[in-house]
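Visitor: Taking full-length UniProt numbering, I'd label the letters of the sequence shown as residues 1 to 472.
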Amino acid sequence: MSESLAFPAGFLWGAATSAYQIEGAVREDGRTPSIWDTFSHTPGRTAGGDTGDVAVEHYHRYRDDVALMAELGLTAYRFSVSWSRVQPTGRGPAVQRGLDFYRRLVDELLAKGIAPAVTLYHWDLPQELEDAGGWPARETAYRFAEYAGFVAEALGDRVESWITLNEPWCSAFLGYGSGVHAPGRTDPAAALQAAHHLNLAHGLGTQALRAVLPARSAIAVSLNSAVVRAVSDSPQDLDARRRIDNLANGVFHGPMLHGAYPADLLADTARVTDWSCVRDGDLADIHQPLDALGLNYYTPALVSAAPEGGSSSADGHGASDHSPWPAAEDVAFHQTPGERTAMGWTIDPTGLHELIMRYTREAPGLPLYITENGAACDDKPDPDGRVHDPERIAYLHGHLAAVRRALTDGADVRGYYLWSLLDNFEWAYGYSKRFGAVYVDYETQARIPKSSAHWYATVAEAGVLPPEPELD
1 MSESLAFPAG FLWGAATSAY QIEGAVREDG RTPSIWDTFS HTPGRTAGGD TGDVAVEHYH
61 RYRDDVALMA ELGLTAYRFS VSWSRVQPTG RGPAVQRGLD FYRRLVDELL AKGIAPAVTL
121 YHWDLPQELE DAGGWPARET AYRFAEYAGF VAEALGDRVE SWITLNEPWC SAFLGYGSGV
181 HAPGRTDPAA ALQAAHHLNL AHGLGTQALR AVLPARSAIA VSLNSAVVRA VSDSPQDLDA
241 RRRIDNLANG VFHGPMLHGA YPADLLADTA RVTDWSCVRD GDLADIHQPL DALGLNYYTP
301 ALVSAAPEGG SSSADGHGAS DHSPWPAAED VAFHQTPGER TAMGWTIDPT GLHELIMRYT
361 REAPGLPLYI TENGAACDDK PDPDGRVHDP ERIAYLHGHL AAVRRALTDG ADVRGYYLWS
421 LLDNFEWAYG YSKRFGAVYV DYETQARIPK SSAHWYATVA EAGVLPPEPE LD
């Protein structure tokens with residue numbers, strides 16, 4: 001690419017994090033365990049037995065972290081609220097000490113000219129709610145709506161951007177299907193029930209937010225909608241693609257955007273569940289008007305019909321003897337060709353363009369935000385103490401170019417949130433994978449902006465994507 005590419009005026013240049021991955025302070029100010037506290041403290045669940053007990057101490061270092069965001073020229077910051085810090089049992093009144101942390105954080109962001117975007121749920125369900133049934137239990141959706149109202153009352157006068165759920169697919173299918181995420185259950189029927197109740201939580205939570213928030217507020221959801229491709233155009237492989245597309249995408253955007261589950265999804269999964277969890281009025285509750293849609297993208301999926309007698313194979317979300325895909329045992333997953341990140345995920349910016357254009361058609365008139373995109377690299381400081389990550393710069397350049405191409409093709413993309421601001425606790429991978437634009441020395445908690453952070457700062461300042469960099 002030889003020419004520079006300008007982004008629209010007002011385009012948001014952000015970074016994203018989540019509470020359990022960065023906050024630490026898991027026993028302070030009334031916070032009680034979430035499912036990730038329990039899961040990470042269970043032997044064998046996370047790499048090296050790592051936990052988020054300390055993480056990167058953002059709870060105590062947030063002022064320094066916000067100052068760092070300002071130095072990097074960020075205009076937006078997406079963070080999540082720890083439900084068990086605000087409502088320790090998942091029921092009853094809010095704990096003001098917990099809310100006070102987020103009040104202070106928002107005030108600090110606004111003082112630095114950084115627009116806060118609040119994600120209400122990024123996978124850390126209060127453990128007491130899991131003990132009562134978790135997301136497969138209908139009651140959890142109502143508890144989420146109550147919690148959403150508490151956070152809106154505390155922050156709604158200063159926060160305009162709201163996201164109900166982050167990647168409900170992971171919560172449902174990795175948490176209750178394959179069990180590689182908290183709470184670690186492996187029940188296909190429970191995974192589908194969890195998906196429905198997450199949808200219901202989104203709808204009820206949206207209503208609770210609208211009842212409290214000022215009219216200027218914007219409510220969205222962040223979906224990790226998959227770009228699913230077939231190995232060939234054979235009828236069998238195309239049908240495998242259709243089935244996985246429904247389980248990855250239609251199960252959420254069907255009811256959220258269109259007010260119905262895809263009929264073929266219901267038929268495909270009938271032997272797993274009768275969908276009796278869907279009650280009269282649920283679809284109307286779920287199908288709430290949205291102000292924006294968040295899209296998270298990392299890598300595409302490549303599928304085929306499994307060979308006779310075969311079964312679905314690993315799909316890049318962690319090792320497990322259980323599939324996250326209910327009623328799709330005869331679908332095989334394949335590694336897509338190309339260079340890979342440290343996660344083993346293929347680098348393919350064309351998938352991001354494809355995803356944006358799909359939702360431009362799927363939800364015409366709905367503004368889009370890229371709420372997560374980034375790469376894990378094998379980062380380490382040089383002898384001079386600097387962290388050079390040219391591979392991440394190339395990754396970001398390619399994906400930002402895909403966003404710019406989508407804008408040229410008529411998509412309404414309003415902002416981009418790099419994942420992640422800081423190296424952090426990467427779920428079941430513990431601290432073994434680094435996604436941050438800022439390196440964190442986990443022994444000292446020192447922050448070192450990587451080359452990619454400085455590069456991203458220049459792009460954000462100019463609002464222009466420079467020519468494609470050459471790898472060192």
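All residues carry an ideal CB built from backbone N, CA and C; glycine is no exception.
Assess, as a yes-or-no matter, whether the region 123-136 is touched by the region 89-104 under the definition of 3 or more beta carbon pairs within less than 8 Å.
Guide: yes
Visitor: Can you find at least 3 beta carbon pairs, one from the region 12-27 and one from the region 48-56, that sit closer than 8 Å?
Guide: Touching, yes.
Visitor: Please report how far the alpha carbon of Pro168 lies from the alpha carbon of Pro390, in whole angstroms.
Guide: Numbered from its first residue, the sequence shown carries residue 168 at position 168. Numbered from its first residue, the sequence shown carries residue 390 at position 390. Distance between the alpha carbons of Pro168 and Pro390 is about 32 Å.
Visitor: Can you grab the Cα-Cα spacing for the pair Thr458 / Asp423, in whole Å?
Guide: Translated into the one-based positions of the sequence shown, residue 458 becomes position 458. Translated into the one-based positions of the sequence shown, residue 423 becomes position 423. Distance between the alpha carbons of Thr458 and Asp423: 21 Å.
Visitor: On a CA-only basis, which of Gly410, Pro466, Asp348, Gln236 is nearest Trp300? Give me that one, please.
Guide: Translated into the one-based positions of the sequence shown, residue 300 becomes position 300. Reading off the sequence, residue 300 comes out as Pro, not Trp. Answer by Cα proximity: Asp348.
Visitor: On the premise that Asp291 lies in contact with Ala215, defined as a C-beta separation below 8 Å, what is that separation, rounded to the nearest angstrom?
Guide: By one-based count along the sequence shown, residue 215 stands at place 215. By one-based count along the sequence shown, residue 291 stands at place 291. In fact, because the Cβ distance is near 11 Å, the residues do not count as touching under 8 Å.
Visitor: For Ala402 and Thr75, I'd like the C-alpha separation in whole angstroms.
Guide: Walking along the sequence shown from the start, residue 402 turns up at place 402. Walking along the sequence shown from the start, residue 75 turns up at place 75. Each residue's alpha carbon lies about 21 Å from the other.
Visitor: According to DSSP, simplified to helix, strand and coil, what is Ala457?
Guide: By one-based count along the sequence shown, residue 457 stands at place 457. Helix, per DSSP.
Visitor: Report buried or exposed for Pro126, applying the criterion of at least 16 other Cβ atoms within 10 angstroms of its Cβ.
Guide: For the purposes of this step, residue 126 is taken as residue 126 along the sequence shown, with counting starting at 1. By the 10 Å Cβ count, Pro126 comes out buried.
Visitor: How far does the alpha helix (DSSP H) with Trp83 in it extend, from its first residue to its last?
Guide: Stepping through the sequence shown from its first residue, residue 83 is reached at position 83. From DSSP, the alpha helix (DSSP H) with Trp83 extends over 83-86.
Visitor: Name the two residues that bound the continuous beta strand (DSSP E) containing Val118.
Guide: Your numbering for residue 118 matches position 118 in the sequence shown. Element bounds for Val118: 115-121.
Visitor: By alpha-carbon positions, which one of Ile114, Thr42, Gly48, Tyr102 ends up nearest to Phe11?
Guide: As a working note, residue 11 is residue 11 in the sequence shown. Of the listed residues, the one whose Cα sits closest to Phe11 is Ile114.
Visitor: Tyr261 and Val278: beta carbons closer than 9 Å?
Guide: Indexing the sequence shown from 1 puts residue 261 at position 261. Indexing the sequence shown from 1 puts residue 278 at position 278. Result yes, Cβ atoms of Tyr261 and Val278 sit closer than 9 Å.
Visitor: Look at the Cβ atom of Arg414, then the Cβ atom of Leu368, and state whether they are nearer than 9 Å.
Guide: Within the sequence shown, numbered from 1, the residue matching residue 414 stands at position 414. Within the sequence shown, numbered from 1, the residue matching residue 368 stands at position 368. Taking 9 Å as the Cβ cut-off, Arg414 and Leu368 qualify as a contacting pair.
Visitor: The alpha helix (DSSP H) that contains Glu108, what's its start and end?
Guide: For the purposes of this step, residue 108 is identified with residue 108 of the sequence shown, where counting begins at 1. It spans 96-111 - the alpha helix (DSSP H) in which Glu108 sits, taken as one unbroken run.
Visitor: Counting along the chain, where does the beta strand (DSSP E) carrying Phe79 start and finish?
Guide: The count along the sequence shown starts at 1 and reaches residue 79 at position 79. Phe79 -> beta strand (DSSP E) spans 76-80.
Visitor: Entirely within the region 157-233 and at least 3 residues each: give me those beta strand (DSSP E) ranges in chain order.
Guide: 161-166, 218-223, 228-230
Visitor: For Gln207 and Glu443, what's the separation of their Cα atoms in angstroms?
Guide: What you label residue 207 is simply residue 207 of the sequence shown in a count that begins at 1. What you label residue 443 is simply residue 443 of the sequence shown in a count that begins at 1. The alpha-carbon atoms of Gln207 and Glu443 are separated by roughly 43 Å.
Visitor: On the premise that Phe435 lies in contact with Trp419, defined as a C-beta separation below 8 Å, what is that separation, rounded to the nearest angstrom?
Guide: As a first step, residue 419 is located in the sequence shown; it is residue number 419 there, counting from the start. As a first step, residue 435 is located in the sequence shown; it is residue number 435 there, counting from the start. Yes, they are in contact, since the Cβ atoms of Trp419 and Phe435 sit about 6 Å apart, within 8 Å.
Visitor: Within 10 angstroms of its Cβ, does Arg27 collect 16 or more other Cβ (buried), or is it exposed?
Guide: Counting from 1 along the sequence shown, the entry for residue 27 is found at position 27. Exposed is the call here.
Visitor: Please classify Thr341 as buried or exposed, where buried requires at least 16 neighbouring CB atoms within 10 angstroms.
Guide: Stepping through the sequence shown from its first residue, residue 341 is reached at position 341. With 16 or more other Cβ atoms within 10 Å, it is buried.
Visitor: Taking the straight line between their C-alpha atoms, what separation do you get for Gly316 and Ala201?
Guide: Taking the first residue of the sequence shown as 1, we reach residue 316 at position 316. Taking the first residue of the sequence shown as 1, we reach residue 201 at position 201. With a pLDDT of only 44 at Gly316, under the threshold of 50, the placement of this residue in the model should not be trusted, and no figure is reported.
Visitor: Could you give the C-beta distance for Leu120 and Val81, rounded to a whole number, given that I count them as a contact under 8 Å?
Guide: Walking along the sequence shown from the start, residue 120 turns up at place 120. Walking along the sequence shown from the start, residue 81 turns up at place 81. Sure, about 6 Å apart at Cβ, within 8 Å.
Visitor: My output table needs one value for Gly463: the three-state DSSP class, helix, strand or coil.
Guide: By one-based count along the sequence shown, residue 463 stands at place 463. Coil at Gly463, not helix or strand.
Visitor: Glu362 and Leu257 - do their beta-carbons sit closer together than 9 Å?
Guide: Position 257 of the sequence shown holds residue 257. Position 362 of the sequence shown holds residue 362. Yes; because the gap between Cβ atoms is below 9 Å, this pair is in contact.
Visitor: Give the single residue among Asp65, Leu295, Gly259, Thr38 whose Cα lies nearest to the Cα of Pro449.
Guide: In the sequence shown, counting from the first residue as 1, residue 449 sits at position 449. The option with the nearest alpha carbon to Pro449 is Asp65.
Visitor: Note down the Cα distance separating Gly177 from Ala9, rounded to an integer number of angstroms.
Guide: In the sequence shown, residue 177 corresponds to position 177, counting from 1. In the sequence shown, residue 9 corresponds to position 9, counting from 1. Their Cα atoms are separated by approximately 43 Å.
Visitor: Spell out the partners DSSP gives Arg243 in its beta bridges.
Guide: Taking the first residue of the sequence shown as 1, we reach residue 243 at position 243. Answer is none; Arg243 lacks a bridge partner.
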